[in-house]
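Below is one structure; the comments refer to it alone.
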Amino acid sequence: MTFTELSLAPEIERAVREAGYEAPTPIQEGAIPGIIAGRDLIGCAQTGTGKTAAFTLPILHRLRAGARGRLRALILTPTRELALQIGEALRAYGRHLRLDSAVVHGGVGHSPQEEKLRRGVDIVVATPGRLLDHMGRGYVDFRSLEVLVLDEADRMLDMGFIHDVRRIVGALPARRQTLMFSATMPDE
75 MTFTELSLAP
85 EIERAVREAG
95 YEAPTPIQEG
105 AIPGIIAGRD
115 LIGCAQTGTG
125 KTAAFTLPIL
135 HRLRAGARGR
145 LRALILTPTR
155 ELALQIGEAL
165 RAYGRHLRLD
175 SAVVHGGVGH
185 SPQEEKLRRG
195 VDIVVATPGR
205 LLDHMGRGYV
215 DFRSLEVLVL
225 DEADRMLDMG
235 FIHDVRRIVG
245 ALPARRQTLM
255 FSATMPDE
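75 is the number of the first residue of the sequence shown in our numbering; add one for each residue after it.
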């Protein structure tokens, strides 16, 4: 299979080629068509198999059309390092699109993140604690949200984020696509 066969937008396909990828991995082949079709999905694959591209590529494909500057996709992740990696993937794969994203995590000042959120972004990649801080300050508007991703979902629960994740999910529109990705997915 090729990325062309996945029916991704030409701009995204071009960025993937420029990133040096020629063929999708099994998790990408399995997940991308379902995500493009709008289905909720649980994706489980080992670390290093392309899970990030499995959800970022179809999200970029979906958001490339429509209103800009409104939060339409939220990606929650347990660590700042992973949030930064996902933010970099969005920039690389979305380089030929006019979409804007923000990475929201602790360990840095609030002001630059607040300013970016106030200006308006299409995608937010966030750790739960810092996102709740911004929600409490009124800088996050979920009314246009279409997609929620819980990345490393099992680790988020193991690290004690379940209550934070529940608070965030409770603030989101009920009608949305929900995607969960992880290297392991226990029954809980």
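Glycine included, each C-beta is placed from N, C-alpha and C at the ideal position.
Residue i classed as buried or exposed, judged by whether at least 16 other C-beta atoms fall within 10 angstroms
i: R204; result: buried
i: T121; result: exposed
i: V195; result: buried
i: G168; result: buried
i: A147; result: buried
C-beta contact flag for residue i and residue j at 7 Å
i: L150; j: P202; result: yes
i: L131; j: I197; result: no
i: A89; j: I101; result: no
i: L145; j: L206; result: no
i: P152; j: M230; result: yes
i: G117; j: A105; result: yes
i: M75; j: P107; result: no
CB-CB length for residue i against residue j, believed under 8 Å
i: F216; j: A245; result: 6 Å
Residue(s) in a DSSP beta bridge with residue i
i: A200; result: L150 and V178
i: G117; result: F255
i: D222; result: The amino acid occupying residue 222 in the given sequence is Leu; Asp does not appear at that position. Note: L222 sits in a beta bridge opposite L148 and T252.
Checklist entry - Three or more C-beta pairs closer than 8 Å, one from the region 251-258 and one from the region 217-236: is that the case here? => result The region 251-258 vs the region 217-236: in contact.
Next on the checklist: Does the contact criterion of 3 or more C-beta pairs under 8 Å hold for the region 159-166 versus the region 118-137?
Outcome noted: Pairwise C-beta distances place the region 159-166 in contact with the region 118-137, as three or more of them are shorter than 8 Å.
Next on the checklist: Can you confirm whether the region 94-114 touches the region 171-182 when touching is taken to mean that 3 or more C-beta pairs between the two stretches lie within less than 8 Å?
Outcome noted: They do not touch, by the three-pair rule.
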